[in-house]
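Read the structure below first, then the notes.
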Amino acid sequence: MKLIVKFNLVFIVVFLLGLAAAGFVSNQILQKNARDEIVLNARLVMESALAARAYTSTQVGPLLQTQMKYNFLPQSIPSYSAVEIFNGLRKSFPEYAYKEATLNPTNPRDRANDWEADIVHQFRNTLDLPEAVGERDTPGGKSFYIARPIQIKSEACLPCHSTVDAAPKTMVDKYGPANGFGWKMNEIIGAQIVSVPTEVPIARANRAFQTFMVSLTAVFAFIFIALNLMLWYMVIRPVTRLSKFANQVSQGENMDAPDFVVESSDEIGVLTQSFNRMKKSLVQAMKMLDA
Amino acid sequence: MLVRGVTRYALAEGVRLQSGDIVEVGDKGLAQIEFSDGAALALGPGTRMLAVSMPRDKATGGNYYVTRGALKVARVQRDARLRLVTPVFTLQPTEGIAVALVSDGEGSVFVESGETRLDGPPAKGAATALARLKGGEFFTLKSGQKGTVAPRPSPAFIGALPRAFLDPLPSRMARYKERQVQPRQIELVTYAEVEAWLKAPPDIRRPLVKRFQPRASDPAFRSALVANLRFHPEWDPVLYPEKYEKPEADAAGAARSDPAPAAPVRR
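Which chain is which? The protein sequence lines are A and B, in order. Under my numbering, the first residue of the first sequence is numbered 1, with each subsequent residue one higher. Under my numbering, the first residue of the second sequence is numbered 292, with each subsequent residue one higher.
Laid out in structure tokens, this is it:
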């Protein structure tokens, strides 16, 4: 078996082992990073929603208070502005879903469904639970969610949600007197829930993994070609020529031929110089025998 | 536009109103009168208002006659003596914020907060109490019908209000506390410019005869007065004084028997 074949066999085995190890480790890391990124983005969405709620409650609401005596303006409602801002965000991040799931909402679109109500009750039963993260099965596959409690921490919420009499009449006209009242200070009335299909982080990680593996393979291929070329020009080719020359000298041919020339000072150059010296010594010994 | 005396002026921000001033807001304009105690009276597009009397002290008060338009009175302190008379009703906000629309024998009032008293128009004799509205209540009175109170303003009323009336009235008074702004004089009023006031209910228009009497010497003004005399017969003695002059002999006899001045008699 030729040297280059042996070298390449070893190289390919090492390459495949390295690729497999790198693939396994990188896949684990990318999956974890993708999930972490989803969680981080979900937290950002929630913080944005909280900021929008606070801004609406403290700055927009008071400005529209007079108008609310004439027409109900949902723009003055914190949860409405949070959802609307998120709807704007969805244009860039369509896979995310956001809901302010509430047990007793003013707007029916905010009413918590079964699994959302379970999360709200979890927060109500464990008051110091800051966040809930999990996965659930849906008809479209597994879904990842992150939830935080909505707690009444500002007196500004109560005029609209304590009693029907205290609420803006225009709001009662629009939503009726049955829902969204009786909220109390510090009560957990719902949960912010951001959910995203599990396949989204997996697909994102897979895309990154494929890119990584293709890049790694391309790098290995480049190294393979470069090493083979170097091996051919720097080792195999001069050794083959030197071997052919040595073979002729050993059979008494080309004894008067000039020295074998290799213009390098590496191991091959040193071997060539040693061979040339050996050939000279052999020629002198042969001449002494002939004399 | 501002009519002061018999002259028309261009209104500017910061002008101090006087008793007798007539303010007319353009079709796209807004005007606001601010009182020393912080109360404000905003006039919507197309509003015509006569300041019958202005408050003499720092409290909100005065009598204002509004023939038509949109009004918003805000930040009225308790027991203010502010009286807004219209051909449909008399509005007396005792506290809070109220908004009113008046047009062609029809009027509506919405009380944003506080309390407002509504009386019948003074033209119909002694003021009759129409309603006492509380915050959130809406009163509407159509020509020939009885006024009704509703718990919400109607969409038509809200739609007819100037957009600015749906927000709190901003205060600009602090900028002019130390500054006197004079309105720019334009020219003497024409009949058309004060026609609505000369044809107003008798209580309003009669005192205006003396004020606009100098304009009767203007041929155009005089001919318009003559043409519309049936709407303001009190101008007859001004236009035709000879009809009211008594023969000298009668006058002398009357003077002997009755020392009180008798002529000219104004109706």
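Note that CB positions come from ideal geometry on N, CA and C, so glycine has one too.
Can you check which of these residues, the options, is closest to residue i by C-alpha distance?
i, options, result
"Ala-455/B", "Met-255/A, Ala-203/A, Tyr-70/A", "Tyr-70/A"
"Gln-251/A", "Thr-272/A, Ile-268/A, Lys-279/A", "Lys-279/A"
"Pro-139/A", "Pro-197/A, Ile-38/A, Phe-209/A", "Pro-197/A"
"Val-45/A", "Val-172/A, Tyr-145/A, Ser-264/A", "Tyr-145/A"
"Leu-387/B", "Gly-396/B, Gly-426/B, Thr-381/B, Glu-484/B", "Here residue 387/B is Gly; the residue named in the question, Leu, does not match the sequence. When each option's Cα is compared against that of Gly-387/B, the closest is Gly-426/B."
"Lys-153/A", "Ser-57/A, Pro-105/A, Gly-18/A", "Ser-57/A"
"Phe-11/A", "Ala-166/A, Gly-23/A, Phe-222/A", "Phe-222/A"
"Pro-528/B", "Ser-445/B, Phe-430/B, Val-500/B", "Val-500/B"
"Leu-242/A", "Asn-113/A, Leu-231/A, Gly-269/A", "Gly-269/A"
"Phe-72/A", "Ser-162/A, Asn-107/A, Leu-103/A, Arg-43/A", "Asn-107/A"
"Arg-35/A", "Asn-206/A, Asp-259/A, Val-261/A, Ala-167/A", "Asn-206/A"
"Pro-274/B", "Leu-479/B, Ala-491/B, Leu-302/B", "Outside the displayed span of chain B (292 to 558) sits residue 274/B, for which this structure offers no information."
"Arg-124/A", "Met-230/A, Phe-181/A, Thr-102/A, Ala-20/A", "Thr-102/A"
"Ala-147/A", "Ala-167/A, His-121/A, Thr-163/A", "His-121/A"
"Asn-41/A", "Tyr-98/A, Gln-75/A, Asn-8/A", "Tyr-98/A"
"Glu-403/B", "Pro-442/B, Arg-496/B, Val-379/B", "Pro-442/B"
Between which two residues does the beta strand (DSSP E) carrying residue i extend?
i, result
"Met-340/B", "339 to 344"
"Leu-375/B", "372 to 376"
"Asn-354/B", "352 to 367"
"Asn-143/A", "It should be pointed out that residue 143/A corresponds to Ser in this sequence rather than to Asn. Ser-143/A -> beta strand (DSSP E) spans 141 to 151."
"Glu-406/B", "397 to 410"
"Leu-382/B", "381 to 394"
"Tyr-300/B", "298 to 301"
"Leu-432/B", "429 to 432"
"Asp-137/A", "132 to 138"
Let's see if you can read the secondary structure: which residues bound the alpha helix (DSSP H) around residue i?
i, result
"Gly-269/A", "267 to 290"
"Tyr-175/A", "169 to 175"
"Leu-216/A", "199 to 231"
"Tyr-98/A", "From DSSP, Tyr-98/A is part of no alpha helix (DSSP H) but of the beta strand (DSSP E) over 97 to 102."
"Ile-14/A", "Here residue 14/A is Val; the residue named in the question, Ile, does not match the sequence. Here the alpha helix (DSSP H) through Val-14/A covers 3 to 55."
"Thr-66/A", "61 to 68"
"Arg-585/B", "There is no way to answer for residue 585/B, as the model of chain B reaches only from 292 to 558."
"Ile-449/B", "446 to 451"
"Lys-501/B", "493 to 503"
Quick check: is the beta carbon of residue i nearer than 8 angstroms to any beta carbon in chain A?
i, result
"Arg-443/B", "yes"
"Gly-335/B", "no"
"Pro-459/B", "yes"
"Glu-403/B", "yes"
"Gly-427/B", "yes"
"Ile-313/B", "no"
"Ile-449/B", "yes"
"Pro-552/B", "In this predicted model, Pro-552/B has a pLDDT of only 36, less than 50, meaning its place in the structure is not dependable; the value taken from the coordinates is given anyway. False, the Cβ-Cβ gap to chain A never drops below 8 angstroms."
"Gly-360/B", "no"
"Arg-558/B", "Residue placement at Arg-558/B is poorly supported in this model, since its pLDDT is 35, which falls under 50; the coordinates are not used for a value here."
"Arg-295/B", "no"
Spatial neighbours of residue i within its chain, please: CB distance less than 6 angstroms, with the 5 preceding and 5 following residues excluded, ordered by chain position.
i, result
"Thr-419/B", "Gly-411"
"Leu-332/B", "Ile-324, Val-364"
"Val-306/B", "Val-472, Pro-474"
"Val-343/B", "Asn-354, Tyr-356"
"Pro-74/A", "Tyr-80"
"Arg-513/B", "Ala-507"
Give every residue of the same chain whose Cβ lies closer than 7 angstroms to the Cβ of residue i, excluding the five residues on either side of it in the sequence, and list them in chain order.
i, result
"Gly-134/A", "Tyr-145"
"Asp-291/B", "With chain B covering only 292 through 558, there is no way to say anything about residue 291/B."
"Glu-100/A", "Ser-79, Ala-82, Val-83, Asp-110, Ile-150, Gly-190, Gln-192"
"Thr-272/A", "Leu-242, Phe-260, Val-262"
"Pro-320/B", "Looking at the sequence shown, residue 320/B is not Pro but Gly. Once the five neighbours on either side are set aside, the close Cβ partners of Gly-320/B are Pro-336."
"Leu-216/A", "Leu-19, Ala-22"
"Gln-476/B", "Thr-298, Tyr-300"
Can a CB atom of chain B be found closer than 8 angstroms to the CB of residue i?
i, result
"Gln-59/A", "no"
"Arg-71/A", "A small fix is needed here, since residue 71/A is Asn in this sequence, not Arg. Closer than 8 angstroms: yes."
"Thr-126/A", "no"
"Val-173/A", "The identity of residue 173/A in the sequence shown is Asp, whereas the question assumes Val. Yes, Asp-173/A lies at the interface with chain B (some Cβ there is under 8 angstroms from its Cβ)."
"Gln-122/A", "no"
"Gln-67/A", "yes"
"Lys-169/A", "yes"
Residues in the same chain with beta-carbon distance under 8 angstroms from residue i, minus the five sequence neighbours each way, listed in chain order, please.
i, result
"Phe-15/A", "Phe-220, Phe-224"
*Assess, as a yes-or-no matter, whether the region 310 to 322 of chain B is touched by the region 269 to 286 of chain A under the definition of 3 or more beta carbon pairs within less than 8 angstroms.*
The region 269 to 286 of chain A is not in contact with the region 310 to 322 of chain B.
Evaluate contact between the region 171 to 183 of chain A and the region 26 to 36 of chain A, counting only Cβ atoms and requiring at least three cross-stretch pairs below 8 angstroms.
Segments in contact, no.
Next item on the list: May I ask you to verify whether the region 334 to 347 of chain B touches the region 315 to 322 of chain B, counting CB pairs closer than 8 angstroms and requiring at least 3?
Entry: Contact between the region 334 to 347 of chain B and the region 315 to 322 of chain B is present, because at least three Cβ pairs lie under 8 angstroms.
(message) Within 8 angstroms, do at least three Cβ pairs link the region 433 to 444 of chain B to the region 479 to 489 of chain B?
(response) Verdict: no, contact absent.
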